[in-house]
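For the sequence shown, our numbering begins at 2 and goes up steadily by one.
The beta-carbon is built from N, C-alpha and C at its ideal position, and this holds for glycine as well.
The block underneath contains the structure these notes are about, expressed in structure tokens.
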Amino acid sequence: MAIFGAPALVAFAVACAGLIWLRSRSSSKEMRDIPGTMGWPVIGETFSFISAFSNPAGILSFMRDRQKRFGKVFKTYVLGRITVFMTGREAAKILLSGKDGVVSLNLFYTGKQVLGPTSLLTTNGEEHKKLRRLIGEPLSIDALKKHFDFINELAVQTLDTWPGRKVLVLEEASSVIANMLVSLEPEGEEQEKFRANFKVISSSFASLPLKVPGTAFHRGLKARNRMYAMLDSVISRRRDGGEVRSDFLQTLLRKHAGDEADKLTDSQLKDNILTLLVAGHDTTTAGLTWLVKFLGENPDVMEKLRDEHLEIKERLKDVGNMPYTNKVMNETLRRATILPWFSRKAAQDFSIDGHGWTGYDVKKGTSVNLDVVSIHHDPAVFADPERFHPDRFDVTWSMADDIFALLQETLKPYSFLGFGSGPRMCPGMNLARLEICIFVHHLLCRYRWKPLEDDDSVQPTLVRMPKNKYPIIATEL
Ligand code: HEM
């Protein structure tokens, strides 16, 4: 703001948006066969899209309305770009299976800049595959076992403070991920600086792409530089052998110290520590909060779940073997659909079935988006989709099994996408499941709770979470 005043900044932003819109209109002509409406000049249908976000039903109403008019594939202009939305399991297969490199991930320019060029989320093809392999290993079920006590202790400590006061579940369910990735002292200056930088980085993601002092994007990039400087000094301390911890960073440093082919460079390490933090923090916190909310609204489910946890109390390390808990988690991810759509970019021209037998040609470079919320509310797969009914996921499951292979047998393929599918499927899902399971265990074994507000609004952010952070009051059992 020091260089440009606010009015100049706004004028500049409007001019940029206008130019982008004009450019988009020409590519819209190339896809004139795909039905849909581009809405108002410059803003397109962004306002209706964003206002649908805060509905309890989220973008489902936006999608349903357009699917009724245009079919399973339609185009629109939202959030500064021409966007094709697709729904249905056939579209999911094309967009998620990674077959023939039809699509690549589609991040906003701001997200790409903040996460860096070697992040899992900004790489494709072989480079992405290699990163997945290296980063995925410390997130496997076996590797996570050594973090059990840490996660457990943190859940107990957090829940100790709950009785007799107003608790905002979304704030308190803050995930343990930062400490697992790079252990910092739980309190103190380093921890506070890290958290503060992370907050600024998170809020710069969906900002305007203006790299000018005073803008959210500029602040995000600065915070990223500060966070990377902290990581640089931690990495060099570890490399000198002056500091040894049992966290994720240590595993990666140790594992890749020798073998050149399998070694992560320092920038790959930093980009991906930040990526895991960004991708794992809000999603896990939101998942836990929705679960607590759905349990509060469904007392029968809560009692059945409590029975499972009381039964296992003395052998908590068996958390992997809790069939009903896993069904409740799946149903939570289905009903809440924390990431309501997955965004991709067409890496080549391809065609897809649209309305009836009509095939649509999608041009290379188009933003193609899978509408997951409609897939999760398809009554042909999930009868009475608004009902919270964990037993619909009735499969025998343990943490050691491949849940998705089993679910695909019982449910139709690509009908449950809580953690995605294919080469970009969530690498943090075992960690998320473990964290949620341990937290819910202590919550159910110790407390009853009731909500303090009756408000179903949702935050207008990419990750869906209750707007009021779900305030409750808890009492000992
Ligand atoms: C309840 C919690 C979580 C949910 C619901 C969730 C959901 C998802 C989904 C749906 C995707 C695929 C998106 C797409 O295909 O476009 C994804 C990808 C991803 N998730 Fe998660 N996630 C959760 C927790 C975590 C955690 C704890 C971490 C980190 C430790 C994490 C890291 C990632 C990363 C890095 C990707 C991108 C993978 C790639 O592009 O190869 N997630 N997540």
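The segment 210-228 makes no contact with the segment 238-252, as fewer than three CB pairs between them are under 8 Å. Collapsing the DSSP output to three states places V74 in a strand. Rounded to the nearest whole angstrom, the CA to CA distance from E46 to V363 is 20 Å. In the three-state DSSP reduction, K167 falls in the strand class (E or B).
Checking the 7 Å criterion, the Cβ of L145 is out of range of every heavy atom belonging to the ligand HEM.
In the structure shown, G117 adopts coil according to DSSP, grouped into three states. Under a 10 Å Cβ-count criterion, K271 is classified as buried, with 16 or more other Cβ atoms of the shown protein chains found around its own Cβ.
When secondary structure is reduced to three states using DSSP, K212 falls in the coil class, being assigned neither helix nor strand. Only residues of its own chain outside the window of five on either side were considered, and among them P36 have a CB closer than 8 Å to the CB of R70, listed in chain order. The Cβ atoms of L444 and L160 lie closer than 8 Å to each other.
Note on the segment 194-255: there is no whole beta strand (DSSP E) run with a minimum of 3 residues.
Listed in chain order, the beta strand (DSSP E) elements of length 3 or more contained wholly in the segment 434-459 are 448-452. In this structure, the beta-carbon distance from I142 to L121 does not fall below 8 Å. For L277, the number of other beta carbons within 10 angstroms of its own is at least 16, and it is reported as buried. Following the DSSP letters along the chain, one finds I353 inside the beta strand (DSSP E) bounded by residues 351-354. With distances taken between CA atoms, F249 lies nearest to K147 out of E298, K318, S234, K147. Inter-segment contact for the segment 300-311 and the segment 336-352 is absent: fewer than three beta-carbon pairs are separated by less than 8 Å. DSSP places N125 in the coil class of the three-state scheme, outside both helix and strand. Nearest neighbour of V103 by Cα position, chosen from S416, F351, L418, turns out to be F351.
The distance from the Cβ of T88 to that of K73 is about 5 Å, consistent with a contact at the 8 Å cut-off. For the ligand HEM, no non-hydrogen atom lies closer than 7 Å to the CB of G215. Taking 7 Å as the cut-off, the C-beta of I178 counts as close to a heavy atom of the ligand HEM. If you draw a straight line from the Cα of N56 to the Cα of R133, it is about 35 Å long. A straight line joining the alpha-carbon of M39 with that of S62 spans about 18 Å.
Between L182 and Y471, the C-beta spacing is not below 8 Å. S237 and Q251 have their alpha carbons spaced roughly 12 Å apart. Below 8 Å, too few C-beta pairs join the segment 108-126 and the segment 90-99 to call them touching: fewer than three.
Under a 10 Å Cβ-count criterion, G165 is classified as exposed, with fewer than 16 other Cβ atoms of the shown protein chains found around its own Cβ. Beta-bridge pairing by DSSP links E477 to Y448. Counting C-beta pairs closer than 8 Å gives fewer than three between the segment 311-330 and the segment 79-88, which falls short of the contact rule.
Taking the Cβ of I339 as the reference point, at least one heavy atom of the ligand HEM falls within a distance shorter than 7 Å. Secondary structure note for W342: its beta strand (DSSP E) is the uninterrupted segment 342-347. In the DSSP assignment, P472 is bridged to L169.
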